[in-house]
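Note sheet for the following structure.
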């Protein structure tokens, strides 16, 4: 069936209108929670709530654990990305699925799994507790592990794409100039993949900062020890709504800053 | 043809929804009532053909939801304060009327491997203790009890509901916890229970909401819980009977 020129114009015009309305709906959906939070923030109580010991403890703990978790995710994720991008290792496909699993696993499910694996009676946690006397649940270390678990896929995704996008001729040139594998990786590969690693680490940090389900399930909830900001918001919602909103706005601000810093890098690292 | 089929399916779907909504009540109840209410609700549905949808969580969470306008017929709180707060905000068609009582107990892993003898032992430095968070009614009762007995406990985790607290012990992560007697009964052989003398007694006031979708059915369920049959079910699950005062408490 062939269309006439006016019919085509009308159809395209109709599609444009539909796209416009859908985009507007999406914008409202995204902007409304942010606007509502800002409108309801108890700005006058900011000093009082900002210096509350429980709030300060949650802020400090979140900052500490998320940075450690991002570091752990990076140290563990870059080698995995390397294996996936640069080797012909059999079972790479399975490794990739495993590495990306925390991305799609519901956080509470992740927490349950961590508990069964690394809890006091866990598959590995049991022997760990008996041999070394170390238990992860109810400890800050447990929080870091839970956060690193959910943040790892972000590093692997971004860095693998970064490694894949590199042209091998730079590394080949370095090889002909006498550089060994480790020097080539350190001086050529890693710097060239820098933006991808950078955005991977940032996204991992953001994810670690916002982690809730796995943290509360695996590490528990104790102010100063395991109560990160998302947990504090969750509990404050039932006790002190103002404190909850203030913490929420703080997390919102950090998220926005992160995204602004990532602009341009986000698609560069992931979409290639 | 396709359009008619679609219309028929939609009509069927709508009819199914309508039937479900007409004879169902939504009950928001404290998590410590989980097993008891599930049994009582099953009994009620069997007798009256009215479905009961249970939303079980910490009373403080449910109160928050109701104050934010959640739709419900009946609210059963583990703390009179929350019941009153919701009744004042949403209006009450009936209640607060108590349906049960509960006491706190210590639960430990089966076999009591750490030899916990009583409340004082919970203060031991190497014991991993789970307590309900202070905002949870059970947490508030637990705090009060510990203060009265002058036992300083450094909890390893403060959980958002009593059932979450119990799960720490059943999972083997905590050595001991303070929960309700009904929670201990629900855990069965997975835990050992140490009763407490002079435990604070929690009362569960129930409120039929003014704007409940099915207030008559909600009242019927409330009466079912307070009747001898319902009370037996609740007691069978570790709860105490509702206080039998003439006036509503």
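Residue numbers (my numbering), protein chains in the order written: chain X, 1 to 272; chain F, 273 to 521. Yeah, the Cβ is synthetic: ideal placement off N, Cα and C, and Gly gets one too. Keep in mind it's a predicted model, so treat the numbers as computed, not measured.
Using the beta-carbon count (16 or more within 10 Å), is residue 149 (chain X) buried or exposed?
Numbered from 1 along the first chain, position 149 holds the residue referred to as residue 149 (chain X). Under this definition residue 149 (chain X) is a buried residue.
Using 8 Å as the Cβ pair cut-off and three pairs as the minimum, do the region 174 to 186 of chain X and the region 250 to 260 of chain X touch?
no
Are the C-beta atoms of residue 357 (chain F) and some chain X residue less than 8 Å apart?
Taking the second chain and counting its residues from 1, the one referred to as residue 357 (chain F) is at position 85. Taking Cβ atoms only, chain X never reaches closer than 8 Å to residue 357 (chain F), which makes this a no.
Quick check on the DSSP output: what are the complete alpha helix (DSSP H) runs of length 4 or more inside the region 426 to 480 of chain F, in order along the chain?
434 to 442, 453 to 459
Beta-carbon separation of residue 58 (chain X) and residue 247 (chain X) under 8 Å?
Position 58 of the first chain, counting from 1, holds the residue named residue 58 (chain X). Position 247 of the first chain, counting from 1, holds the residue named residue 247 (chain X). Contact flag set, yes.
Through-space distance from residue 471 (chain F) to residue 129 (chain X), alpha-carbon basis
What you label residue 129 (chain X) is simply residue 129 of the first chain in a count that begins at 1. What you label residue 471 (chain F) is simply residue 199 of the second chain in a count that begins at 1. Going from the Cα of residue 129 (chain X) to the Cα of residue 471 (chain F) covers about 34 Å.
Test: residue 119 (chain X) CB closer than 8 Å to a CB of chain F
Position 119 of the first chain holds residue 119 (chain X). Residue 119 (chain X) counts as touching chain F.
Beta carbon of residue 497 (chain F), beta carbon of residue 371 (chain F): below 8 Å?
Here residue 497 (chain F) is taken as the residue at index 225 of the second chain, counted from 1. Here residue 371 (chain F) is taken as the residue at index 99 of the second chain, counted from 1. Taking 8 Å as the Cβ cut-off, residue 497 (chain F) and residue 371 (chain F) qualify as a contacting pair.
Kindly list, in the order they appear in chain X, the residues whose Cβ is closer than 7 Å to that of residue 373 (chain F).
Within the second chain, the letter at position 101 stands for residue 373 (chain F). Result: empty, since nearest Cβ-Cβ is about 23 Å, beyond 7 Å.
Exposure label - residue 131 (chain X); buried when at least 16 CB within 10 Å:
Locating residue 131 (chain X) in the first chain gives position 131, where the first residue counts as 1. Result: exposed.
Could you tell me the alpha carbon to alpha carbon distance between residue 411 (chain F) and residue 163 (chain X), rounded to whole angstroms?
Walking along the second chain from the start, residue 411 (chain F) turns up at place 139. Walking along the first chain from the start, residue 163 (chain X) turns up at place 163. Straight-line Cα distance between these residues: approximately 52 Å.
Just the chain F side, please: which residues come within less than 7 Å of residue 239 (chain X) by C-beta, in chain order?
The sequence position of residue 239 (chain X) within the first chain is 239, counting from 1. Going along chain F in sequence order, the residues near residue 239 (chain X) (Cβ under 7 Å) are 407.
Which same chain residues end up closer than 6 Å to residue 80 (chain X) when comparing Cβ atoms and leaving out the 5 residues on each side of it in sequence?
In the first chain, the residue the question calls residue 80 (chain X) occupies position 80. These residues qualify, in order along the chain: 99, 156.
Taking any Cβ of chain X, which residues in the region 413 to 430 of chain F have a Cβ under 8 Å from it, in chain order?
427, 428, 429, 430
Report the rounded CA-to-CA distance for residue 139 (chain X) versus residue 213 (chain X), giving the unit in angstroms.
To locate residue 139 (chain X), count along the first chain from 1; it is residue 139. To locate residue 213 (chain X), count along the first chain from 1; it is residue 213. Whole-angstrom Cα-Cα distance: 16 Å.
Along chain F, which residues have their Cβ under 7 Å away from the Cβ of residue 185 (chain X)?
In the first chain, residue 185 (chain X) corresponds to position 185, counting from 1. Residues of chain F passing the Cβ test: none, with the nearest at roughly 41 Å.
Using a Cβ-Cβ distance under 8 Å, would residue 149 (chain X) count as near chain F?
Here residue 149 (chain X) refers to the residue found at position 149 when the first chain is read from its first residue. Cβ-Cβ to chain F under 8 Å: no for residue 149 (chain X).
Just how far apart, CA to CA, sit residue 27 (chain X) and residue 401 (chain F)?
Reading the first chain from its first residue, position 27 is the one you call residue 27 (chain X). Reading the second chain from its first residue, position 129 is the one you call residue 401 (chain F). Their backbone Cα atoms lie some 47 Å apart in a straight line.
With a threshold of 8 Å between beta-carbons, can residue 498 (chain F) be considered close to chain X, or not?
Locating residue 498 (chain F) in the second chain gives position 226, where the first residue counts as 1. No, because no Cβ of chain X sits closer than 8 Å to the Cβ of residue 498 (chain F).
Using 10 angstroms around the beta-carbon of residue 420 (chain F), count the other beta-carbons present and answer buried if the total reaches 16, otherwise exposed.
The sequence position of residue 420 (chain F) within the second chain is 148, counting from 1. Residue 420 (chain F) should be labelled exposed.
Can you give me the C-alpha to C-alpha distance between residue 461 (chain F) and residue 444 (chain F), rounded to a whole angstrom?
Reading the second chain from its first residue, position 189 is the one you call residue 461 (chain F). Reading the second chain from its first residue, position 172 is the one you call residue 444 (chain F). So the two alpha carbons sit approximately 13 Å from each other.
When we look at the beta-carbon of residue 307 (chain F) and count the other beta-carbons within 10 Å, is it buried (16 or more) or exposed?
Working through the second chain from its first residue, we reach residue 307 (chain F) at position 35. Per the 10 Å Cβ criterion, buried.
Is the Cβ of residue 220 (chain X) closer than 8 Å to any Cβ of chain F?
In the first chain, the residue the question calls residue 220 (chain X) occupies position 220. Residue 220 (chain X) counts as touching chain F.
Taking only beta-carbon positions, decide if residue 443 (chain F) is within less than 8 Å of chain X.
Counting from 1 along the second chain, the entry for residue 443 (chain F) is found at position 171. So, interface residue.
Cβ-based neighbour list, residue 428 (chain F), same chain, cut-off 7 Å, excluding 5 preceding and 5 following:
Start at 1 with the first residue of the second chain, and residue 428 (chain F) comes out as number 156. Closer than 7 Å at Cβ, skipping near neighbours: 400, 401, 402, 446.
Do residue 350 (chain F) and residue 432 (chain F) have their CB atoms nearer than 8 Å?
In the second chain, the residue the question calls residue 350 (chain F) occupies position 78. In the second chain, the residue the question calls residue 432 (chain F) occupies position 160. No, the Cβ-Cβ distance between residue 350 (chain F) and residue 432 (chain F) is not below 8 Å.
Just checking my contact of residue 375 (chain F) with residue 473 (chain F) at CB under 8 Å: how many whole Å lie between their CB atoms?
Within the second chain, residue 375 (chain F) is the residue found at index 103, counting from 1. Within the second chain, residue 473 (chain F) is the residue found at index 201, counting from 1. 6 Å between Cβ atoms; contact.
Spatial neighbours of residue 343 (chain F) in its chain, beta-carbon cut-off 7 Å, leaving aside the 5 residues before and after
In the second chain, residue 343 (chain F) corresponds to position 71, counting from 1. Closer than 7 Å at the Cβ level, and outside the excluded window around residue 343 (chain F), lie 298, 485.
For the region 41 to 53 of chain X against the region 235 to 247 of chain X, are there 3 or more C-beta pairs whose distance is under 8 Å?
yes
Would you call the region 99 to 108 of chain X and the region 199 to 216 of chain X in contact, with 3 or more CB pairs under 8 Å?
yes
Straight-line Cα distance separating residue 327 (chain F) from residue 318 (chain F):
Position 46 of the second chain holds residue 318 (chain F). Position 55 of the second chain holds residue 327 (chain F). Distance between the alpha carbons of residue 318 (chain F) and residue 327 (chain F) is about 20 Å.
Is the beta carbon of residue 345 (chain F) closer than 8 Å to that of residue 463 (chain F)?
Within the second chain, numbered from 1, the residue matching residue 463 (chain F) stands at position 191. Within the second chain, numbered from 1, the residue matching residue 345 (chain F) stands at position 73. Contact: no.
Could you name the residues of chain F that residue 115 (chain X) contacts, counting a contact when the two beta carbons are closer than 9 Å?
Counted from its first residue, the first chain places residue 115 (chain X) at position 115. What residue 115 (chain X) touches in chain F: 443, 445.
Start and end residues, alpha helix (DSSP H) containing residue 366 (chain F)
Position 94 of the second chain, counting from 1, holds the residue named residue 366 (chain F). First-last for residue 366 (chain F): 364 to 381, but that is the beta strand (DSSP E), not the alpha helix (DSSP H).
Simplified DSSP assignment, three categories, for residue 322 (chain F):
In the second chain, counting from the first residue as 1, residue 322 (chain F) sits at position 50. Coil.
Could you please tell me which residues of the region 328 to 355 of chain F, in chain order, have their CB closer than 7 Å to any CB of chain X?
332, 333, 336
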